[in-house]
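Just below is one structure, and these are the notes that go with it.
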Amino acid sequence: MPVPLLFIGAAVATGGLGIGKTIKAGIDANNAKNINNNANALVEAATDKLNGQRKACGDALSSLGQEKITILNQSVSEFLDTFTKIKNVDFRDTVGLEELKKFHIDQNEFTDIKAMVNFAGSLAGGAIAGTAGGALAAFGAYGAAQAFAFASTGTAIASLSGAAATNATLAFFGGGSLAAGGLGMAGGTAVLGGLVAGPALMVMGLVAGHAAKKDLEKAITNKAEAIRIASQLSTASLQCETIRRRTYMFYNLLARLDTYFLPLIYKMEDIYQKEGDDYAQYSPESRKVIASCASFAVSIKSVLDTPILTDDGLLTEASGEMVTNIEGFLNNMHISI
Numbered sequence: 079m080p081v082p083l084l085f086i087g088a089a090v091a092t093g094g095l096g097i098g099k100t101i102k103a104g105i106d107a108n109n110a111k112n113i114n115n116n117a118n119a120l121v122e123a124a125t126d127k128l129n130g131q132r133k134a135c136g137d138a139l140s141s142l143g144q145e146k147i148t149i150l151n152q153s154v155s156e157f158l159d160t161f162t163k164i165k166n167v168d169f170r171d172t173v174g175l176e177e178l179k180k181f182h183i184d185q186n187e188f189t190d191i192k193a194m195v196n197f198a199g200s201l202a203g204g205a206i207a208g209t210a211g212g213a214l215a216a217f218g219a220y221g222a223a224q225a226f227a228f229a230s231t232g233t234a235i236a237s238l239s240g241a242a243a244t245n246a247t248l249a250f251f252g253g254g255s256l257a258a259g260g261l262g263m264a265g266g267t268a269v270l271g272g273l274v275a276g277p278a279l280m281v282m283g284l285v286a287g288h289a290a291k292k293d294l295e296k297a298i299t300n301k302a303e304a305i306r307i308a309s310q311l312s313t314a315s316l317q318c319e320t321i322r323r324r325t326y327m328f329y330n331l332l333a334r335l336d337t338y339f340l341p342l343i344y345k346m347e348d349i350y351q352k353e354g355d356d357y358a359q360y361s362p363e364s365r366k367v368i369a370s371c372a373s374f375a376v377s378i379k380s381v382l383d384t385p386i387l388t389d390d391g392l393l394t395e396a397s398g399e400m401v402t403n404i405e406g407f408l409n410n411m412h413i414s415i
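Residue 79 is where the sequence shown starts when you use the numbering used here, and the numbers rise one by one after that.
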């Protein structure tokens, strides 16, 4: 008996529908794969950029830490060797240097400066021996008061290196590749200005795992998540760049201060040799030199005292104000000395 045309038509239609579904499934799978690949590429590119910015920022902080150590161990140490031998120092009657008329040296300032020099000496020894680890970056990021809080006498290197290993921000700058999970602290989290970057990077593995499912709807969700994560990583890159710029500004400030400071130290040493150790007996011009030299020492101390970063990786307001204040100080002193 011949098969009714109705059933033949139904069979053809069903077969065509099956073929259509198969074709659509193949297209969907291919689209899912492409979307997931694009999502992976997006996050990987953002991660690579952040890795580069992160390393540059860590290097800048370490360079600043080294500059602080160098200035303390050389210029500041040499200044203290002579200045502490001069008696009867009083800047209230300084002639020819108006901005120092009200300048008063508190003995505690120089006690703190001496402590900084001793501290820097222990860090320098560790750096030369290759044992400082993250101590240079920590010394660059923190103010002197914070550094002293972390490091007691005799254990400066170990304490600051430990701080770099456990502080989220410093671990972020000092760890290995982000993609490899090298954030330098337990749990793989790293806080940078309130952004938790570590868990966000897990999206790469998440996206790659879902790609195997060839799920178009899930792939679209993955792409949206990848865009969100890439945006966060880009924000972190910008934060790294901002921190690096502030770090360079501090480095340049210290270098400029030292450029003026050293010649004044040499003049002070010459005055000490020629006019003795009694400031009260110095000529007006010599008093001006000593006062100027001391003002640079205190200004350098104020820069060293000012932290660039909070523990959460935010730039401190004080560091921005310090840049403005020191710029003004240098402009005034350049005119006067």
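Idealized CB from N, CA, C, for every residue including glycine.
Bear in mind that the values here come from a model prediction, so they are computed numbers and not experimental data.
Cβ-based burial, residue i [other Cβ within 10 Å; buried from 16]
| i | result |
| --- | --- |
| residue 247 | buried |
| residue 325 | buried |
| residue 375 | buried |
| residue 186 | exposed |
| residue 300 | buried |
| residue 343 | buried |
| residue 359 | exposed |
| residue 304 | buried |
| residue 317 | buried |
| residue 385 | buried |
| residue 302 | exposed |
| residue 323 | exposed |
| residue 352 | exposed |
| residue 218 | buried |
| residue 405 | exposed |
| residue 145 | buried |
| residue 118 | buried |
| residue 306 | exposed |
| residue 366 | buried |
| residue 391 | buried |
| residue 147 | buried |
| residue 124 | buried |
| residue 216 | buried |
| residue 397 | buried |
| residue 198 | buried |
Opposing strand residues paired with residue i [DSSP bridges]
| i | result |
| --- | --- |
| residue 387 | 393 |
| residue 38 | Lying outside 79 to 415, the shown extent of the chain, residue 38 is not represented and no answer is given. |
DSSP-derived helix/strand/coil call for residue i
| i | result |
| --- | --- |
| residue 165 | strand |
| residue 293 | coil |
| residue 336 | helix |
| residue 212 | coil |
| residue 206 | Caution applies to residue 206, whose pLDDT of 48 falls short of 50 and renders its modelled position unreliable; the value that the coordinates give is listed next. Looking at residue 206 - three-state DSSP - the assignment turns out to be helix. |
| residue 130 | helix |
| residue 267 | Because the pLDDT at residue 267 is just 40, under 50, the model does not fix this residue reliably, and the value given afterwards should be weighed accordingly. Reduced to three states, the DSSP call for residue 267 is coil. |
| residue 361 | coil |
| residue 329 | helix |
| residue 220 | coil |
Closest by C-alpha distance to residue i, when choosing among the options
| i | options | result |
| --- | --- | --- |
| residue 321 | 301, 137 and 310 | 137 |
| residue 311 | 363, 346, 331 and 250 | 250 |
| residue 373 | 308, 167 and 113 | 167 |
| residue 143 | 225, 124 and 153 | 225 |
| residue 149 | 337, 355, 370 and 346 | 337 |
| residue 389 | 309, 221 and 361 | 221 |
| residue 339 | 368, 356 and 319 | 368 |
| residue 378 | 364, 330 and 391 | 330 |
| residue 139 | 190, 198, 213 and 123 | 213 |
| residue 335 | 403, 398 and 123 | 403 |
| residue 355 | 163, 116 and 155 | 163 |
| residue 127 | 141, 319, 408 and 190 | 319 |
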